[in-house]
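**Student:**
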Amino acid sequence: MTDLPYLSGYPEHLLDSVRALIARGELGAVLARRYPGRHEVQTDRALYQYVAEIKQRYLKHAPQPAKVLYDNQQHPVKGTLGTNTFVARVQGGKLKTKNEIRVASLFRDAPEPFLRMIVVHELAHLKEKDHDKAFYQLCRHMEPDYHQLEFDLRAWLSWREAEAAS
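Residue numbers for the sequence shown follow the UniProt record's numbering, so the first one is 1 and each next one is one higher.
1) Could you spell out where the alpha helix (DSSP H) holding ARG19 opens and where it closes?
2) Cα separation between HIS121 and LYS55?
3) Here's the rule: buried if 16 or more other CB atoms are within 10 angstroms of the residue's CB, otherwise exposed. What is VAL103?
4) Three Cβ pairs or more, each shorter than 8 Å: is that satisfied between the segment 4–23 and the segment 125–141?
5) State yes or no: is the beta carbon of ALA62 nearer than 8 Å to at least one beta carbon in chain C?
6) Where do the N-terminal and C-terminal ends of the beta strand (DSSP E) with LEU149 fall, by residue?
7) By the three-class DSSP mapping on this structure, what secondary structure does MET1 have?
8) What span of residues does the alpha helix (DSSP H) with LEU123 cover, start to end?
9) So is SER166 buried or exposed if we call it buried at 16+ other beta carbons inside 10 Å?
10) Please return the same chain residues whose Cβ sits closer than 8 Å to the Cβ of LEU126, not counting the five positions on each side in sequence.
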């Protein structure tokens, strides 16, 4: 039985399907058919622009992130596919707040819908801090297939790990 740490919490019948595809060596091909190719967002500057375009379309009144970048320190097994951090600093007599969005570097090689799902997730934190119903409604507003993309992304991570182990 293949351990699937990225898919913990999903129903057993889905996990069995993913395990069977991994065992037959077909998961990568299934995902490649559904999500062909890589995206063109390879630099931090391009990622910033990509995030800014999505933010402008769906969250016009939310603050613009001060920094957006790919981060080598993000580790998917530890649960960090991306982060949104808020930094408060005192400048003179004022309190200035900035936020940063960091996306795991492995998403440079991911299909564009997976990158978009991570970006949508992190942008949703600009308005909703907790992973509650309102948060996921906002994610689905920005990306209607959010939940399917999240599952497929986790399956993709499981496939990458299985490939690396073999």
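All C-beta atoms in this analysis are idealised placements derived from N, C-alpha and C, irrespective of residue type, glycine included. Since we're looking at a predicted model, the values are computed, not measured.
**Tutor:** The short version:
1) Counting along the chain, the alpha helix (DSSP H) containing ARG19 begins and ends at 12–23.
2) Those two C-alpha atoms are separated by around 11 Å.
3) Buried: at least 16 other Cβ atoms inside 10 Å.
4) By the Cβ test, the segment 4–23 is not in contact with the segment 125–141, since fewer than three Cβ pairs between them sit closer than 8 Å.
5) The structure shown contains no chain C, having only a single protein chain.
6) Going by DSSP, LEU149 is part of no beta strand (DSSP E) but of the alpha helix (DSSP H) stretching over 146–165.
7) Note on MET1: pLDDT 44, under 50, position unreliable in the model; no value is reported.
8) Where LEU123 is concerned, the enclosing alpha helix (DSSP H) starts and stops at 112–124.
9) Exposed: under 16 other Cβ atoms inside 10 Å.
10) Only LYS55, LEU59, ALA62, PRO63, PRO65, ASN84 and ASN99 meet the Cβ criterion.
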